[in-house]
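Residues 71 to 1105 in the numbering used here are what the sequence shown lists, from first letter to last. Idealized CB from N, CA, C, for every residue including glycine. First comes the structure, then the notes that go with it.
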Amino acid sequence: MGFWGWISKSSQKSFVDIVVSSLSTPVQATGTTDTNGSYTIYSLEPLNDYIVGAIPILYPIQYYDQQPDANTAQTVDLSKGNVDTINFILDEGAIIQGTVYIKDIDHPATEGLCVNIWSNDTQTGGDVLTDSKGRYQITGLQLNAKDYIISVRNSNYVPAYYQDNLDDNFFNDTVYAYSLSKGVAPAAIHESKDRNLILISGHTICGLILYNASPLSGVRIEAWSELTGGFGSDVSSSNVIDGYNYRISNLPPALYLVQIYPENFAEQSYKISIKEHETNELYFIINHLENYITGNIYGLEYGKQIHLSAFAQSINYYKGIQIKGTGESLQYTISGLKPADDYVVELYSSDYSYQAYDHQTDKLQADRIVLDEYISGIDFTLQSYTSTISGHVIFPENASLGEVVWIDAFSRSTASGNGVQVVYQNERTIPYIINGLTKGNDYILNAWSTTYKEQYFDNQFNRVDATYVDTSDDLPDTSVTFTLQHGKSISGIIYCNNQPISGIKIQAISDETSSWGAAASKDDGSYTIKGLTLATDYIIDARKHGFAPFYYHETKTTRSKNLSSFVNTITNHHITGIDIYLSDYDTMIGTVHKTDGKPLQNIWVNAWSKQHKTGFGAYTSEDGSFELVNLPRAFDYIVSATSHNLLPYISQEKVNVASNSQNVHFILEKGFRIYGTIKNIDGKEISNVDVELHSHLNSYYGTTKTDKQGMFQISGLLSGDDYNLSTIPPENASCISFSEAGIVIDKDIEKNIVLKKGEGKISGYIYRENSTIPLVDVSISLYSQKTKYSAITYSMDNGFYEFVNIPTSNDYNIEASADFYVDDVKTNQLSDSTINFYLSTGMSISGFVRNETGVPLSNVRVEVSSDSVQSLEIGSTDNNGNYIINGLAIYNQQSYLVSDYIVKIYPFDYPVQLKAQKRAGDIVNFICTQESYNELSGTVTNSLGEPYSADQTIIIRLFNAVNGIFIEKMAADDQGKFMFKGLNPDEQYLIKFSILKNELIEQSQWCGESEIGVDDKAFAKMYQTGVTVRFKFKN
């Protein structure tokens, strides 16, 4: 089985790589076009979900049929036989090109120098390599983007950036600071002018870092210029070469701040101006740290040990000490600390409960200690009323010497836990004791190992069936005993590059039973995972340390968890032959920097390939570098750099990145932040409040928790006017959740919140109709019109659900919704009620959505509604254009057949369609056509009728004139033109225009009468499709 096709209308037809992958299996294949542009790929399985891509050298990557990325690719169906004419029409699109020179224009760069071109506005661009003449060209750029930054970052030269001087000289446009660079627009190939860069070698700062008159190794040293953004770093060596043990090269002339960061010594910094001399010497004599934290330990019993640690997240610095009890109070000192304003001091012990200063069991709620020189009074009191749990572990008769079992205890209500290790030493029954537990009534204990079945007290193999151990009373908990049982096993051999390999970790996980087991491969590659429970859904993966996993598949090892084959221990208790084949794949390398040139550490960088349905991630190191290893060969990776919510940097994403890219560079810009304090009506700060922020237009979602002072902060935000903020307090706060929509963030926003008191509670159980069989993970939503309060929760394993701390009211509507079941709604309920649901099974309506040529339309919104049963269900089409809406009622409450279902679709760029008088079980298909009467277009100018400048972007938003619902937004092109497609000609629309500059909204106006801007929505003009709007901004 196979298919064939060709490359047409392109100067590059031969030697184009063709890649093929299946969405549902690990099947993959590759081919290459011949000199005529033709290709053929055979020996494929008869599947209906193949993604086909063309990977040319000089053109953008293209997927069938004429799609820029794999997410929108049309699948190829081989289930009915061979397919022909899977063709590609390559188009270079908009380009940027030029030449890179070394030192002067007489010396073009050699082949293989990496040039980065990137637009922050459109998140498009990438890396290209120079040819043998120093030429570079990047294709497939966004024609309407005007902010492409061109740069070369190479360790042998000063970082170079492009800045168009707007003169006739093409060779004087290089600057050596990111802050001086200017974005440019791409052009068609016949209109593109050269964007040339000249690379130079910079200056050097070097010297010695000494401790006790000897060179000290391992010290990181950085040089940074605030003026130019020039940056360089090195790590000192114990070897002195040419009189120096560190050297920072290729720095542009400027005033530099040079800093050293020794691990356990004081940091130092000096300023040095480098201008004329190529080599500039600077020497450091290491000094001891003088900062310390001190306090007292009360209640530490004789002979027992604790571990104290001080950690500052802002500087990623940690130091700890061990203390042994004498029976008296003890003073401690953690010395040699670096200055920071966010130290957290923590206490760990196997005999006492975890503590973080001051008296917290949650690190997030700990006091942040500001340390400049020293601080005292950081005291800890060890509670004598902590409890213990003890019992015995009973091994089977055939146990082996040295087998290890771990016993863990954890209480959710107190966040307290501890554990012990038990080792078999010929005695079958071995006692154990777990100390240092906070008193609580909900301890769950489990025994687990790599040999025996994991079990929970009392003789249960599922966590939800565990018996709680209550340590809050005075009764001794001394009989928590575990009788170990041999479980089922899975075994096989691990290969790497077709050779058996040892030391590989293999694990088996069952979501169905929450069972887990692990093993390591031996010298001959063999492994056996023991102690497994009965399950049908074990997923087996093997991984090298620090590498992404490989998953077992019955025909071919895969990198995608979603494509892995289940292993069943019910039909066969001891399964063999589960072999996994590892391979050495590609490595992706890059850096993450700030706009001032400094590297960013601890930024999460993740790469994901749709072709392989797998990826890998890693944090950046001190120098901002990252390395993503063992990536399957592909050219469609989406690579993202994501900062923590507390950091001010905007996350960034690059698409269609090759797995072997060696120069993936991110420059993260600062965003805005929202921050504030959350209190109750009595003015008391509330800690542990869940804070969520999301924006649909910016595709953003972030979460955090309030600290001990009730403060929260979410940073790194893009400008936007549709942010929604919600807060969910902990149950013990007895407060109502809060939400606010439509928040405008175009600067740092302070948002202080006072939560109202909540006294109501609604709870109950969800069962299957006419039974007491509980339903799990049913969505239950709650809404009160009077109080404007809403919430959502999900039923637990026993079918129980609960809403607590809700406002007092008598008009609550509560709805239970689950796949394959008919939704049920209870209306006008009291805020102190017990409400049970009995859900009946339903049927589905399904079908496909395609355009007039038969191409499937994916991600189309589908609505199915019925007036007779008052229901509305929503879904969307998949990659093949298919949809299915489950859980539809067959009969109404009067037992009449429901035959008034309306199926409605909302395809992008096509008009809305509906089909009525449908029943559950029907198949309803749609064919979409595109006509001009479904469009609304126009132009935008300033008050003088002139187009806006290149550094300004015009955003047009479309709203439904009747209900005010936002429909779509787009940016006008260079000429101020815009066009909305796929609109409903029977509806009326309002249009809002906004001017953006430097990501900030300068002005927003509605389109009014005479098509002149108005500030008040009430005076906006209503439009229908088929007209042309000529909008002018007022003033």
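Length of the line joining the Cα atoms of residue i and residue j
i: I748; j: V759; result: 8 Å
i: L942; j: E801; result: 32 Å
i: E1127; j: L1070; result: Here the chain comprises residues numbered 71 to 1105, so residue 1127 is not present and cannot be evaluated.
i: V874; j: S965; result: 36 Å
i: L604; j: Y494; result: 25 Å
i: G489; j: A479; result: 6 Å
i: A688; j: I574; result: 20 Å
i: S423; j: E810; result: 39 Å
i: Q193; j: E348; result: 38 Å
i: H663; j: Q722; result: 12 Å
i: V709; j: F696; result: 12 Å
i: I744; j: Y719; result: 13 Å
i: S202; j: T142; result: 36 Å
i: L370; j: Q453; result: 9 Å
Delimiting residues of the beta strand (DSSP E) encompassing residue i
i: S405; result: L400 to L407
i: H377; result: Q375 to A382
i: G772; result: Y770 to K775
i: C566; result: K558 to C566
i: N266; result: Counting along the chain, N266 falls outside any beta strand (DSSP E), and DSSP gives it neither H nor E.
i: K1104; result: First-last for K1104: undefined, no H or E at that position.
i: D449; result: That residue, D449, is in no beta strand (DSSP E); it is neither H nor E in DSSP.
i: H358; result: Neither: H358 is in no beta strand (DSSP E) and is coded neither H nor E.
i: A677; result: W674 to S679
Of the residues the options, the one placed nearest residue i, counting alpha carbons only
i: Y908; options: L927, S887, S916 and Q530; result: S887
i: I156; options: Q144, I165 and I166; result: Q144
i: V414; options: E398, K389 and K394; result: K389
i: V474; options: S94, T520, K509 and L507; result: T520
i: T1098; options: I1061, S591 and N224; result: I1061
i: V895; options: N906, D902 and S901; result: N906
i: S591; options: I650, L633 and R533; result: I650
i: F1101; options: T548, G1083, L900 and G472; result: G1083
i: S339; options: Y368, S916, I279 and Q392; result: I279
i: N700; options: K668, L352, T657 and T773; result: T657
i: L554; options: I311, R498, Y1059 and G945; result: R498
i: I1026; options: G1046, S542, P409 and Q940; result: G1046
i: T102; options: Y120, Q82 and D540; result: Q82
i: Y655; options: A711, S731, H714 and Q671; result: S731
Which of helix, strand or coil DSSP assigns to residue i
i: A704; result: coil
i: N921; result: strand
i: R533; result: helix
i: F636; result: coil
i: Y248; result: helix
i: N488; result: strand
i: E1081; result: helix
i: E933; result: strand
i: Q82; result: coil
i: E801; result: helix
i: F1089; result: helix
i: K631; result: helix
i: A1111; result: Past the edges of the chain, shown from 71 to 1105, lies residue 1111, and the structure says nothing about it.
i: Q1058; result: coil
i: N758; result: coil
i: Q525; result: strand
i: Q779; result: coil
Buried or exposed (CB count within 10 angstroms, at least 16 for buried), residue i
i: Q681; result: buried
i: A382; result: buried
i: F870; result: exposed
i: H735; result: buried
i: S1095; result: Per the sequence shown, residue 1095 should be read as Thr rather than Ser. T1095 should be labelled buried.
i: Q401; result: exposed
i: V925; result: exposed
i: I975; result: buried
Contact test: residue i Cβ vs the ligand FMN heavy atom, cutoff 7 Å
i: Q383; result: Judged by which ligands are present, the structure shown has none, so any question about the ligand FMN falls away.
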